[in-house]
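Participant:
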Amino acid sequence: MTRRAQIADLLRTRLFTGLHLGLLRHQGRLPSVRELARELDANPRVVLAAYRTLAQEGLVELRSRSGVFMAPAGRRNHATADGRSDWMVDVLVQGLTRGMSAPILAEGLQRCLETLRLHAVVVECNEDQLYSVPAELKRDFGLETTAIDVAALDQGGRPPALLRRADLLVTTPFHKTAVERLADSLGTPKIVITMCTDLFTEVGRLLSTMPVY
Numbered sequence: 003m004t005r006r007a008q009i010a011d012l013l014r015t016r017l018f019t020g021l022h023l024g025l026l027r028h029q030g031r032l033p034s035v036r037e038l039a040r041e042l043d044a045n046p047r048v049v050l051a052a053y054r055t056l057a058q059e060g061l062v063e064l065r066s067r068s069g070v071f072m073a074p075a076g077r078r079n080h081a082t083a084d085g086r087s088d089w090m091v092d093v094l095v096q097g098l099t100r101g102m103s104a105p106i107l108a109e110g111l112q113r114c115l116e117t118l119r120l121h122a123v124v125v126e127c128n129e130d131q132l133y134s135v136p137a138e139l140k141r142d143f144g145l146e147t148t149a150i151d152v153a154a155l156d157q158g159g160r161p162p163a164l165l166r167r168a169d170l171l172v173t174t175p176f177h178k179t180a181v182e183r184l185a186d187s188l189g190t191p192k193i194v195i196t197m198c199t200d201l202f203t204e205v206g207r208l209l210s211t212m213p214v215y
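Here the sequence shown is numbered in the numbering used here, starting from 3 and rising by one per residue.
Below is the structure:
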């Protein structure tokens, strides 16, 4: 990974974390190129190139003679940043092969999102994750969620009824093998998620630079 890409990744994490923690706001001023160059011991041109990368993603705005600012809310170019346009095209093509035009596909998808409630069961052993992961899945994705301790999986060799009714199983890498085996036996889709350690890294950095109340 190039130095520009490394700095762009670091800044991207800081921006998302700052917004999440309420330390940054949309259209707010960001550190200057010179300030970041000193902090990161990097060439100012490389820092500027990293900022330009984020500007192409719609995360920041480079204003001549004014500096660098967070972009307005909703400005981010998701197709460029995440490559989401590729799988959206795949979905459209699959719909067309089934005789569904783009407007009909969009209408059907909207109807499903409004009426179909998917139930995800989070399988974990950590009390914090048993609480926080279901809450995030419900808040961010609109899923109905339930949590179950991994210790409850071995009850007479038969999965609890809650798991048999699940539309999706969610776990972390620590229990990947057990949950994948369970999901295969139930014929239920599964997702293995990773925790956002970047958030804690950024919080640790901020604790050393400002007072906390």
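All C-beta atoms in this analysis are idealised placements derived from N, C-alpha and C, irrespective of residue type, glycine included.
Every value quoted in this text rests on a predicted model; they were computed, and no experiment measured them.
In terms of residues, what are the limits of the beta strand (DSSP E) holding Asp151?
Facilitator: For this step, residue 151 is matched to residue 149 along the sequence shown. Residues 146-151.
Participant: Output the distance between the C-alpha atoms of Ile222 and Thr117, rounded to the nearest integer angstrom.
Facilitator: Nothing about residue 222 can be reported from this structure: the residues present for the chain run from 3 to 215 only.
Participant: For Ile150 and Val194, which I take to be in contact (beta-carbon distance under 8 Å), what is that distance rounded to the nearest angstrom?
Facilitator: Within the sequence shown, the letter at position 148 stands for residue 150. Within the sequence shown, the letter at position 192 stands for residue 194. That pair is no contact at about 16 Å.
Participant: For Arg67, which of Thr55, Ala51, Arg31 has the nearest alpha-carbon?
Facilitator: The count along the sequence shown starts at 1 and reaches residue 67 at position 65. Comparing Cα-Cα distances from Arg67 to each of Thr55, Ala51, Arg31, the minimum goes to Arg31.
Participant: Under 8 Å, do Ala57 and His28 count as touching if we go by C-beta distance?
Facilitator: Position 55 of the sequence shown, counted from the first residue, corresponds to residue 57. Position 26 of the sequence shown, counted from the first residue, corresponds to residue 28. For Ala57 and His28, no; Cβs fall outside 8 Å.
Participant: What is the DSSP secondary structure of Glu63, reduced to helix, strand or coil?
Facilitator: Here the question's residue 63 lines up with position 61 in the sequence shown. Note: Glu63 maps to strand in three-state DSSP.
Participant: Going by DSSP, what residue range makes up the beta strand (DSSP E) through Gly110?
Facilitator: Counted from its first residue, the sequence shown places residue 110 at position 108. Per DSSP, Gly110 belongs to no beta strand (DSSP E); it is in the alpha helix (DSSP H), 104-117.
Participant: I need the DSSP call for His28, collapsed to helix, strand or coil.
Facilitator: On the sequence shown, residue 28 is found 26 positions in, with the first residue counted as 1. The answer is coil: DSSP assigns His28 none of H, G, I, E or B.
Participant: Secondary structure at Ala163, three-state DSSP: helix, strand or coil?
Facilitator: The residue given as residue 163 occupies position 161 in the sequence shown. It is helical.
Participant: Identify the residues that DSSP records as bridge partners of Phe71: which are they?
Facilitator: Here residue 71 refers to the residue found at position 69 of the sequence shown. Per DSSP, Arg31, Glu63.
Participant: Taking only three categories from DSSP, how would you classify Ala168?
Facilitator: As a position in the sequence shown, residue 168 is number 166, starting the count at 1. Coil, per DSSP.
Participant: With DSSP as the reference, label Leu4 as helix, strand or coil.
Facilitator: As a working mapping, residue 4 is identified with position 2 in the sequence shown. The sequence shown places Thr at residue 4, rather than the Leu named in the question. In the structure shown, Thr4 sits in coil (DSSP, three-state: anything other than H, G, I, E or B).
Participant: Does DSSP classify Ile195 as helix, strand or coil?
Facilitator: Here residue 195 refers to the residue found at position 193 when the sequence shown is read from its first residue. It is coil, neither helix nor strand.
Participant: On the three-state DSSP scale, how would you describe Pro44?
Facilitator: Within the sequence shown, residue 44 is the residue found at index 42, counting from 1. Contrary to the premise, residue 44 reads as Ala rather than Pro in this sequence. Coil, per DSSP.
Participant: What's the gap between the Cα of Gly189 and the Cα of Ala44?
Facilitator: Start at 1 with the first residue of the sequence shown, and residue 189 comes out as number 187. Start at 1 with the first residue of the sequence shown, and residue 44 comes out as number 42. If I take the Cα positions, the gap works out to 51 Å.
Participant: Of the residues Gln112, Ser134, Leu111, Leu171, which one's Cα is nearest the Cα of His121?
Facilitator: Numbered from 1 along the sequence shown, position 119 holds the residue referred to as residue 121. Residue Leu171 is the option with its Cα nearest to His121.
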